[in-house]
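Structure, as structure tokens:
Protein chains: 2
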Amino acid sequence: MQPAAPPRRVTIVDVAAHARVSTTAVSKVIRNAYGVSPSMRTKVTAAIAELGYRPSTGARGMRGQTYTIGLMLPDLRNPFFPEIVDGFVERLADTQYEVLLGTSFCGQEAESRVTEAMIDRGMDGVVLVAPTAAQAQLNRTAGILPIVVIGRHARSAVHDTVVDDDTVGAGLVVNHLADLGHRRIAHIAHQEKDAVRSAGMPNAIRAEGYQQAMRARGLADEIDVVSTSYTEQGGYLGARQLLGRRHPPTAIFAGADIAAMGVLQALAEAGLSVPEEISVVGYDNTTYAALGPISLTSVDQAGRQIGSEAARVLLERIADRQKSSVFISTSPTLVVRRTTGPCPSEP
Amino acid sequence: MQPAAPPRRVTIVDVAAHARVSTTAVSKVIRNAYGVSPSMRTKVTAAIAELGYRPSTGARGMRGQTYTIGLMLPDLRNPFFPEIVDGFVERLADTQYEVLLGTSFCGQEAESRVTEAMIDRGMDGVVLVAPTAAQAQLNRTAGILPIVVIGRHARSAVHDTVVDDDTVGAGLVVNHLADLGHRRIAHIAHQEKDAVRSAGMPNAIRAEGYQQAMRARGLADEIDVVSTSYTEQGGYLGARQLLGRRHPPTAIFAGADIAAMGVLQALAEAGLSVPEEISVVGYDNTTYAALGPISLTSVDQAGRQIGSEAARVLLERIADRQKSSVFISTSPTLVVRRTTGPCPSEP
DNA sequence: CGCGAAGTGGGTAACGTTATACAACTGCTG
DNA sequence: CAGCAGTTGTATAACGTTACCCACTTCGCG
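As you go down the protein sequences, you meet chains A and B in turn.
Heads up, the first sequence is in my numbering, so the first residue is 35 and it goes up one at a time.
Heads up, the second sequence is in my numbering, so the first residue is 35 and it goes up one at a time.
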């Protein structure tokens, strides 16, 4: 006895035969195209339901749209990205579009591989979150299909961009700490291997914004940047370095929450209590920051909003590929929790 | 002046013309099919490179494979899932397959929507991580395309399954705590709305395994299960409930790390020090647990291995759809960190 | 009543790829 | 040297859908 033969999929032809109409008619109905009478619609809809028909995306793609949008994330562990995804998917919820995700695992090569894969699969549009590809490469991709770039501060004429204003975010942090009386506020930055790449990337902007804000508060002399990486390890090493200073900072602004975790660990090992002896701030307001036992003051990037805006402009561009490109900048907010407090008075 | 017309994509016909061979020949080369001479291969490969040709997945799908595999995650925030993805993708790295991700946002409806979307897109196979669909539904899907189910303990004759042995995992926790002298070991479980659904799901197995292990250690009388949910809030509420007992537990086994976060928060608020006064254990060994300031003892599910095994069996099934189904069970390990310690002596 | 416009349905030719079948050629065997 | 088995390349027909065009009906209006 053979195991049940793989049942052939129901096609538009089957539906047409069942409803005793042409395939063209069925196609019109499923596309909501012009030229179908109500009675026709009823008949066809019924046939579709009875047969459980679902259009083949592959075949559709050969003639036009696939109703599929690709969203590339650099990494699945940073809890900030799901915020973007939420906002994005929510916006697309009552459209016909489906969202499929890809991840580059923070690698250049995988990033382009995934991007190409999405193009090959006929996606109607693609969102690239914090891509590391060269701008020229992004422009080339934008020539093939509509794309939205999230998190790169460079403007492009050929694709839309959505960013969070990291300059403002860094300013929020510095002002908050300065308002608490801190002067020796240090920053832990992420050092990109490739310096050229780094320009316009969030990490560079944050470091820049930090220095700018310090100067604005008359703290130019106190500027102290340690360049490691946005990792727990990077934060740990950065903090160790800062604690070794002749005059250690009274506040540390880590460029990312994950780095702040390493900072907290280093401080705990050094026997320093937070925030009594030293304050710590992160960036991204990830779920790490919100965890009760951590309760880290952080900058919230309005990820949902970013995702939502990205979906909006992508749909607009899919509808009109000639429209001029858009640059959207959202404003971050500061979430004060329990790792920041008044500057301890000097002994 | 018109903005550059969307350049038509290079097709197999273009390659064939450029290399002065038939499209069939090109097709054979890109598929590594039988019947191509070395010289032909060289010619075609060169033409492909020169033209930058990439096959259209949609068109391929109409005749056979799409070289695409779908991986559905219930949620993007649980840091355990990326482990599975890593192992999965790694295994597929040197195949032609691309992996695209989908997420159900822990919702029944979205789960089936995404699954259907993957089927419509002609995926060659799909991996479902901790799906909530009824078993009958899973079997139906398995009739359409190869699927691997991760995390459901029920065996199926029509699809492959990979699970981590949660019974063993719960046993590791209980034994570890009992070895430390604890007797009043409580468990915080996840209560599924739909009791039927719950059977075979990891949460149910963990609770069951906990009770089994307690009995095995002669602690049957101390069994104490609080049913809330695998969320920070759930852990918090569960812990509060346990602390209100006449004889509060000296150790709490939360069924998931995220719940353990809530437990730690509740303990901190109650002024109890961990692990001196009370021990806490999580499950999943997520990145939360590994964070320095948290340092939670947890059960590691070998996510990479699960993903890797899933990829292996999926490829096998794609190669031979008639092969009999496989049930793979991996063994968890206990990662001891700083939230567990000896049972405090009674005052 | 004639005629155009609007509305409705269908026929057909793509879209880019692969599976199948087959033709042409090679080299070997008896 | 006939015959046969491999080997190598090609022609062709799908696969499921949609865009385009055309035919037919109905209706309103001069």
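In this text, a Cβ means the ideal position worked out from N, Cα and C, and glycines have one as well.
**Asked** For A:G95 and chain B, any beta-carbon pair shorter than 7 Å?
**Response** Looking up residue 95 of chain A in the first sequence gives position 61. Yes, A:G95 lies at the interface with chain B (some Cβ there is under 7 Å from its Cβ).
**Message:** With a threshold of 7 Å between beta-carbons, can A:A290 be considered close to chain B, or not?
**Reply:** Counting from one through the first sequence, the residue named residue 290 of chain A turns up at place 256. Not closer than 7 Å to any Cβ of chain B, the Cβ of A:A290 fails to qualify, so no.
**Prompt:** Who are the Cβ neighbours of B:A300 in its own chain at under 6 Å, not counting the five residues just before and after it?
**Reply:** The residue given as residue 300 of chain B occupies position 266 in the second sequence. These residues qualify, in order along the chain: Y270, A273 and R274.
**Asked** Does the stretch 274 to 294 of chain A come close enough to the stretch 209 to 224 of chain A to have 3 or more Cβ pairs within less than 8 Å?
**Response** Taking 8 Å as the limit for Cβ pairs, the verdict is that the stretch 209 to 224 of chain A does touch the stretch 274 to 294 of chain A.
**Test item: CB-CB of A:S332 and A:T374 under 7 Å** = Translated into positions along the first sequence, residue 332 of chain A becomes position 298. Translated into positions along the first sequence, residue 374 of chain A becomes position 340. No; because the gap between Cβ atoms is not below 7 Å, this pair is not in contact.
**chain B contact residues for A:A233, given Cβ-Cβ distances below 9 Å** = Along the first sequence, one-based indexing puts residue 233 of chain A at 199. Near A:A233 there are no residues of chain B at all, since even the closest Cβ is about 26 Å away, more than 9 Å.
**Prompt:** Is the Cβ of A:V42 closer than 7 Å to any Cβ of chain B?
**Reply:** Against the first sequence, residue 42 of chain A aligns to sequence position 8. The sequence shown places Arg at residue 42 of chain A, rather than the Val named in the question. No - not a single Cβ of chain B is within 7 Å of the one on A:R42.
**Asked** Straight-line CA distance for A:Q1 to A:G104?
**Response** Residue coverage of chain A in this structure runs from 35 to 381, which leaves residue 1 of chain A outside it and unanswerable.
**Message:** I want to see whether chain A comes within less than 7 Å of B:L110, judged by CB atoms only; does it?
**Reply:** Position 76 of the second sequence, counting from 1, holds the residue named residue 110 of chain B. With 7 Å as the cut-off, B:L110 counts as an interface residue toward chain A.
**Prompt:** Interface residues of chain B around A:Q299 at Cβ under 7 Å?
**Reply:** In the first sequence, counting from the first residue as 1, residue 299 of chain A sits at position 265. Here the neighbours are G326 and P327.
**Item:** Residue nearest to B:V208 in terms of C-alpha spacing, selected from B:L179, B:R249 and B:N237
**Value:** Numbered from its first residue, the second sequence carries residue 208 of chain B at position 174. The candidate whose alpha carbon is nearest that of B:V208 is B:R249.
**Request:** List the residues of chain B whose Cβ lies closer than 8 Å to the Cβ of A:G296, in chain order.
**Result:** Taking the first residue of the first sequence as position 1, residue 296 of chain A is located at position 262. Those are G326, listed as they occur along chain B.
**Item:** Assigned secondary structure, B:H281 (DSSP; H/G/I helix, E/B strand, else coil)
**Value:** As a working note, residue 281 of chain B is residue 247 in the second sequence. Of the three classes helix, strand and coil, the one that applies to B:H281 here is coil, per DSSP.
**Asked** Counting only beta-carbon atoms, is A:M35 nearer than 7 Å to chain B?
**Response** For the purposes of this step, residue 35 of chain A is identified with residue 1 of the first sequence, where counting begins at 1. Residue confidence is low: A:M35 scores 37 on pLDDT, short of 50, so the model does not pin down where it sits. No coordinate-derived value is stated.
**Asked** Is the stretch 113 to 133 of chain B close to the stretch 337 to 348 of chain B, with three or more CB pairs under 8 Å?
**Response** Because the criterion of three Cβ pairs below 8 Å is met, the stretch 113 to 133 of chain B and the stretch 337 to 348 of chain B touch.
**B:G92: first and last residue of the uninterrupted alpha helix (DSSP H) it sits in** = Here residue 92 of chain B refers to the residue found at position 58 when the second sequence is read from its first residue. Segment T91 to R97, the alpha helix (DSSP H) holding B:G92.
**Prompt:** Under 9 Å Cβ-Cβ, which residues of chain A neighbour B:T91?
**Reply:** Here residue 91 of chain B refers to the residue found at position 57 when the second sequence is read from its first residue. Chain A residues near B:T91: G92, G95, A151, D154, R155 and G156.
**Asked** Are the Cβ atoms of A:L330 and A:A336 separated by less than 7 Å?
**Response** Taking the first sequence and counting its residues from 1, one reaches residue 330 of chain A at position 296. Taking the first sequence and counting its residues from 1, one reaches residue 336 of chain A at position 302. No, the Cβ-Cβ distance between A:L330 and A:A336 is not below 7 Å.
**Prompt:** Along chain A, which residues have their Cβ under 9 Å away from the Cβ of B:A302?
**Reply:** Translated into positions along the second sequence, residue 302 of chain B becomes position 268. Result: G326 and P327.
**Asked** Under 7 Å, do A:R65 and A:P180 count as touching if we go by C-beta distance?
**Response** Counted from its first residue, the first sequence places residue 65 of chain A at position 31. Counted from its first residue, the first sequence places residue 180 of chain A at position 146. For A:R65 and A:P180, no; Cβs fall outside 7 Å.
**Item:** N-terminal and C-terminal residue of the alpha helix (DSSP H) that B:F122 is part of
**Value:** Locating residue 122 of chain B in the second sequence gives position 88, where the first residue counts as 1. Looking at the DSSP string, the run of the alpha helix (DSSP H) that includes B:F122 is F115 to L126.
**Request:** For the stretch 38 to 79 of chain B, list the alpha helix (DSSP H) runs that are entirely contained and at least 4 residues long, ordered along the chain.
**Result:** 46 to 53 and 57 to 65
**Asked** In angstroms, rounded to a whole number, what distance separates the CA positions of A:Y101 and A:E132?
**Response** In the first sequence, the residue the question calls residue 101 of chain A occupies position 67. In the first sequence, the residue the question calls residue 132 of chain A occupies position 98. Roughly 6 Å between the two C-alpha positions.
**Request:** Check the Cβ of B:Y317 against every Cβ in chain A and list those closer than 9 Å, keeping chain order.
**Result:** The sequence position of residue 317 of chain B within the second sequence is 283, counting from 1. None at all; the shortest Cβ gap to chain A is about 16 Å.
**Prompt:** How many Å lie between A:F114 and A:R189 at the Cα?
**Reply:** Position 80 of the first sequence holds residue 114 of chain A. Position 155 of the first sequence holds residue 189 of chain A. Spanning the two alpha carbons is a distance of roughly 23 Å.
**Item:** As assigned by DSSP and simplified to three states, the class of B:S332
**Value:** Counting from one through the second sequence, the residue named residue 332 of chain B turns up at place 298. Looking at B:S332 - three-state DSSP - the assignment turns out to be strand.
**Message:** Within 7 Å of any Cβ in chain A, is that where the Cβ of B:P113 sits?
**Reply:** The residue given as residue 113 of chain B occupies position 79 in the second sequence. Judged by the 7 Å Cβ criterion, B:P113 is in contact with chain A.
**Request:** Check whether the Cβ atoms of B:D194 and B:V360 lie closer than 7 Å to each other.
**Result:** Position 160 of the second sequence, counted from the start, is the residue given in the question as residue 194 of chain B. Position 326 of the second sequence, counted from the start, is the residue given in the question as residue 360 of chain B. Judged by their CB atoms, B:D194 and B:V360 are nearer to each other than the 7 Å cut-off.
**the stretch 84 to 99 of chain B touching the stretch 167 to 179 of chain B, judged by at least three CB pairs closer than 8 Å** = no
**Asked** Hey, would you say B:D199 sits closer than 7 Å to B:S379, going by beta carbons?
**Response** On the second sequence, residue 199 of chain B is found 165 positions in, with the first residue counted as 1. On the second sequence, residue 379 of chain B is found 345 positions in, with the first residue counted as 1. For B:D199 and B:S379, no; Cβs fall outside 7 Å.
**Message:** If distances are taken between C-alpha atoms only, which option among B:N237, B:G185, B:N173 and B:M106 comes closest to B:T262?
**Reply:** Along the second sequence, read from residue 1 onward, the residue named residue 262 of chain B stands at position 228. Cα-wise, what sits closest to B:T262 is B:N237.
**Request:** Can you pull the chain B residues whose beta carbon is under 7 Å from the beta carbon of A:E132, in chain order?
**Result:** Position 98 of the first sequence, counted from the first residue, corresponds to residue 132 of chain A. By Cβ distance, chain B contributes A151.
**A:H224 to B:N319 span [Cα, whole Å]** = Within the first sequence, numbered from 1, the residue matching residue 224 of chain A stands at position 190. Within the second sequence, numbered from 1, the residue matching residue 319 of chain B stands at position 285. Distance between the alpha carbons of A:H224 and B:N319: 27 Å.
**Asked** With DSSP run on the structure shown, which of helix, strand or coil describes A:M157?
**Response** The sequence position of residue 157 of chain A within the first sequence is 123, counting from 1. Of the three classes helix, strand and coil, the one that applies to A:M157 here is coil, per DSSP.
**Asked** Between B:G136 and chain A, is there a C-beta pair that is closer than 7 Å?
**Response** In the second sequence, residue 136 of chain B corresponds to position 102, counting from 1. Yes, contact with chain A.
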